[in-house]
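**Student:** If you read the sequences in order, they're chains A, B, C and D. The opening position of the first sequence corresponds to residue 1 in this note's numbering, with each subsequent residue numbered one higher. The opening position of the second sequence corresponds to residue 1 in this note's numbering, with each subsequent residue numbered one higher. The opening position of the third sequence corresponds to residue 1 in this note's numbering, with each subsequent residue numbered one higher. The opening position of the fourth sequence corresponds to residue 1 in this note's numbering, with each subsequent residue numbered one higher. Once you've had a glance at the structure underneath, I'll fire off some questions.
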Amino acid sequence: MAVIVRFFAGARAAAGVNEISLESSSAMHILDQAAAIHPKLGQVLPQCSYLLDEVSLRDLSIIVADGSTLDVLPPFAGG
Amino acid sequence: MAVIVRFFAGARAAAGVNEISLESSSAMHILDQAAAIHPKLGQVLPQCSYLLDEVSLRDLSIIVADGSTLDVLPPFAGG
Amino acid sequence: MSNVSGAFVTTDLISVSELSALVRSDTAGAIVTFSGDVRDNDHGREVLSLSYEAHPSAQALLEKVAGEIAAKFEVVNVAVAHRHGDIAIGEAALVAVVSAKHRKAAFDACVALVDEVKAQIPIWKHQVFADGTDEWVNCA
Amino acid sequence: MSNVSGAFVTTDLISVSELSALVRSDTAGAIVTFSGDVRDNDHGREVLSLSYEAHPSAQALLEKVAGEIAAKFEVVNVAVAHRHGDIAIGEAALVAVVSAKHRKAAFDACVALVDEVKAQIPIWKHQVFADGTDEWVNCA
């Protein structure tokens, strides 16, 4: 089991993949790793908000447990 | 030929008639005469606006010529 | 650039969707519509029936007001209709529709259009209440 | 007393008149509708095609936002729909409708409903331009 990081919309376009699987760590470290693997994410992540298992995540120092899903949401553009 | 005074909506209800015919005079005097003939108009006229031959009339000291039409408009209530 | 697509003083039933279709444009990103419908109550009193009376100048004045709104706001098209005669409960008395590139102008123009119609157009509302009384609205 | 008549995240064509019919009430004197339609241009560039992507939580969040607006304003009913997937030019992406006793509350609530949907609902717009480029709106 690992952490699933899901990318949406412009974040998916930057990553080039729908999701990646990484080891449990802080949310911050997981996102840094994701950006190291998919460099274009580096420009998009600072604007993004995050959901940890569908709940808004503000504190990125929180440890994301194995089996969790971390969603990467670019700035909303509905309407 | 005379001045035709036309009553609309609540002014017509107060006058009890659609219109009356009066002799040329100042608008003010014509309206005073109308209120003397149809006393319920006395309460409504102070709220009304007026059209002289379809043009807004503000100065009631103006003489209304024979053949003219003076319209009595209660406060608008559209919408 | 702004345009009046229609201004109607009419005894016919007003269709919001038909009026809205008049203002459509592929360059407009926002359409705001207002429908002022006849209510079954006024100030807590039950309304049985309702009619509006329009002065003969109402049509020309409605066109003028629509033109002023079209000129004042950053809109694409505006259209407006006011019904007179007898109107059933739930039917529209006044419908105003505005299309614009952006939503703020569409909302602002629609609010202003309704306000100006109520202020400037010589139309009057007559209400008959369930208690047998009646009134000309706004008239002592 | 206020009520959410419907909140829909959908791939179907949104009908303003159908959504508007949901909020009707004989006690409501005002219905305000907003339709945010897909435009053929954005910042001066010609838009060929457009699609929206919705996060799985969008439906629940739309219901929440609609409920907040219904609670905050003196309205009778509110309804809102956001489309996703491919949308043709001129079709509606977002429709918000509000009924209220009085027009000011209807306008205010509709403006706020659209603002909150844009701020709070995880939906994204993708545009393809006539020059062959494409973009996710608001995303560097």
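Ideal placement from N, C-alpha and C gives every residue a C-beta, glycine not left out. Remember, predicted model here, so these are calculated numbers, not experimental data.
1) Mind checking the region 108 to 129 of chain C against chain B and listing, in chain order, the residues whose C-beta falls within less than 8 Å of any C-beta there?
2) For V137/C, which of Q47/B, V17/B, G67/B has the nearest alpha-carbon?
3) Between V38/C and F129/C, how many whole angstroms is the CB-CB distance? I'm expecting something under 8 Å.
4) Taking 7 Å as the CB-CB limit, is A9/A close to chain D?
5) Compute the Euclidean distance between the alpha carbons of A66/C and V114/C, then round it to the nearest angstrom.
6) DSSP state of G67/D, grouped into three classes?
7) Would you kindly work out how many angstroms separate the C-alpha atoms of A13/A and V44/A, rounded to a whole number?
8) Between the Cα of H126/D and the Cα atoms of A119/D, S20/D, G85/D, V75/D, which residue gives the shortest distance?
9) Please give me, in chain order, every unbroken run of the beta strand (DSSP E) with length at least 3 that falls completely inside the region 4 to 60 of chain D.
10) Would you grab the beta carbon distance between V16/D and S35/D for me? Rounded to a whole angstrom, and I think it's under 8 Å.
11) Among the candidates G78/A, L51/A, L41/A, S68/A, whose CA atom is the shortest distance from the CA of E23/A?
12) Could you please tell me which residues of the region 31 to 64 of chain C, in chain order, have their CB closer than 7 Å to any CB of chain D?
13) Any C-beta of chain C sitting closer than 7 Å to the C-beta of G6/D?
14) For a contact meaning CB atoms closer than 7 Å, what does E54/B contact in chain C?
15) What are the partner residues of N77/C, as DSSP defines its beta bridges?
16) Given a threshold of 16 other Cβ atoms within 10 Å of its Cβ, counted over all protein chains shown, does T33/C qualify as buried or as exposed?
17) What I want to know is whether the C-beta of D108/C ends up closer than 6 Å to one or more non-hydrogen atoms of the ligand FAD.
18) Look at the alpha carbon of Y52/C and the alpha carbon of C110/C, and state the distance between them as a whole number of angstroms.
19) State yes or no: is the C-beta of E91/D within less than 7 Å of the C-beta of A7/D?
20) Could you give the distance in angstroms between the alpha-carbon of A57/B and the alpha-carbon of W124/C?
21) Check each candidate in A2/A, G16/A, A77/A, I63/A and name the one with the smallest Cα separation from G42/A.
22) Between the C-alpha atoms of K40/A and L19/D, what's the straight-line distance to the nearest angstrom?
23) So if I threshold CB-CB distances at 7 Å, which residues from the region 61 to 94 of chain C count as touching chain D?
24) For L94/D and T27/D, I'd like the C-alpha separation in whole angstroms.
25) Would you say V16/C faces chain B, with C-beta separation under 7 Å as the test?
26) Below 8 Å CB to CB, which residues in the same chain sit around K72/C once its five sequence neighbours on both sides are set aside?
27) Closer than 8 Å by beta-carbon distance: list the chain B residues that pair up with V137/C, in chain order.
28) Could you check the C-alpha separation between D40/C and C139/C for me, to the nearest Å?
29) Find out if the Cβ-Cβ distance for the pair I30/B, V55/B is shorter than 7 Å.
30) What is the rounded straight-line gap between the Cα of V5/B and the Cα of A34/B?
31) Starting from I37/A and walking both ways along the alpha helix (DSSP H), at which residues does that stretch end?
32) Return the chain-ordered list of same chain residues with a C-beta closer than 8 Å to the C-beta of L60/A, the five sequence neighbours on each side being excluded.
**Tutor:** The relevant details are as follows:
1) V114, V117, K118, A119, Q120, I121, P122, I123, W124, K125, H126
2) Translated into the one-based positions of the third sequence, residue 137/C becomes position 137. For V137/C, the nearest C-alpha among the options comes from Q47/B.
3) Locating residue 38/C in the third sequence gives position 38, where the first residue counts as 1. Locating residue 129/C in the third sequence gives position 129, where the first residue counts as 1. Actually they do not touch by this definition, with Cβ atoms about 13 Å apart.
4) For this step, residue 9/A is matched to residue 9 along the first sequence. Cβ-Cβ to chain D under 7 Å: yes for A9/A.
5) As a position in the third sequence, residue 66/C is number 66, starting the count at 1. As a position in the third sequence, residue 114/C is number 114, starting the count at 1. Their Cα atoms are separated by approximately 10 Å.
6) For this step, residue 67/D is matched to residue 67 along the fourth sequence. Correct three-state label for G67/D: helix.
7) Here residue 13/A refers to the residue found at position 13 when the first sequence is read from its first residue. Here residue 44/A refers to the residue found at position 44 when the first sequence is read from its first residue. Cα to Cα, the separation comes out at about 10 Å.
8) Position 126 of the fourth sequence, counted from the first residue, corresponds to residue 126/D. Comparing Cα-Cα distances from H126/D to each of A119/D, S20/D, G85/D, V75/D, the minimum goes to G85/D.
9) 30 to 37, 45 to 54
10) Translated into positions along the fourth sequence, residue 16/D becomes position 16. Translated into positions along the fourth sequence, residue 35/D becomes position 35. Their Cβ separation, rounded to whole angstroms, is 5 Å, which keeps V16/D and S35/D in contact under 8 Å.
11) For the purposes of this step, residue 23/A is identified with residue 23 of the first sequence, where counting begins at 1. Out of G78/A, L51/A, L41/A, S68/A, S68/A has the C-alpha closest to the C-alpha of E23/A.
12) I31, V32, T33, F34, S35, G36, D37, R39, D40, N41
13) Here the question's residue 6/D lines up with position 6 in the fourth sequence. No - not a single Cβ of chain C is within 7 Å of the one on G6/D.
14) In the second sequence, residue 54/B corresponds to position 54, counting from 1. Here the neighbours are S57.
15) By one-based count along the third sequence, residue 77/C stands at place 77. Paired residues: N3/C, S99/C.
16) Taking the first residue of the third sequence as 1, we reach residue 33/C at position 33. Buried, by the Cβ-count rule.
17) Judged by which ligands are present, the structure shown has none, so any question about the ligand FAD falls away.
18) Working through the third sequence from its first residue, we reach residue 52/C at position 52. Working through the third sequence from its first residue, we reach residue 110/C at position 110. Rounded to whole angstroms, Y52/C to C110/C spans 22 Å at the Cα level.
19) Taking the fourth sequence and counting its residues from 1, the one referred to as residue 91/D is at position 91. Taking the fourth sequence and counting its residues from 1, the one referred to as residue 7/D is at position 7. No, the pair does not count as a contact, with Cβ atoms beyond the cut-off.
20) Stepping through the second sequence from its first residue, residue 57/B is reached at position 57. Stepping through the third sequence from its first residue, residue 124/C is reached at position 124. One point to set straight first is that residue 57/B is Leu, not Ala, in the sequence displayed. Their Cα atoms are separated by approximately 19 Å.
21) Numbered from its first residue, the first sequence carries residue 42/A at position 42. The option with the nearest alpha carbon to G42/A is G16/A.
22) Locating residue 40/A in the first sequence gives position 40, counting from the first residue. Locating residue 19/D in the fourth sequence gives position 19, counting from the first residue. Distance between the alpha carbons of K40/A and L19/D: 41 Å.
23) I89, G90
24) Indexing the fourth sequence from 1 puts residue 94/D at position 94. Indexing the fourth sequence from 1 puts residue 27/D at position 27. Cα to Cα, L94/D sits roughly 26 Å from T27/D.
25) Translated into positions along the third sequence, residue 16/C becomes position 16. Judged by the 7 Å Cβ criterion, V16/C is not in contact with chain B.
26) Here the question's residue 72/C lines up with position 72 in the third sequence. So the qualifying residues of the chain are A109, A112.
27) Position 137 of the third sequence, counted from the first residue, corresponds to residue 137/C. Neighbours of V137/C on chain B, chain order: A77.
28) By one-based count along the third sequence, residue 40/C stands at place 40. By one-based count along the third sequence, residue 139/C stands at place 139. Those two C-alpha atoms are separated by around 20 Å.
29) Stepping through the second sequence from its first residue, residue 30/B is reached at position 30. Stepping through the second sequence from its first residue, residue 55/B is reached at position 55. No, these two residues do not count as a Cβ contact at 7 Å.
30) As a position in the second sequence, residue 5/B is number 5, starting the count at 1. As a position in the second sequence, residue 34/B is number 34, starting the count at 1. The straight-line gap from Cα to Cα measures roughly 8 Å.
31) Residue numbering aside, residue 37/A sits at position 37 when the first sequence is read from its first letter. 27 to 37 is the extent of the alpha helix (DSSP H) around I37/A.
32) Mapped onto the first sequence, residue 60/A falls at position 60. Answer for L60/A: S26, A27, M28, L31, Y50, listed in chain order.
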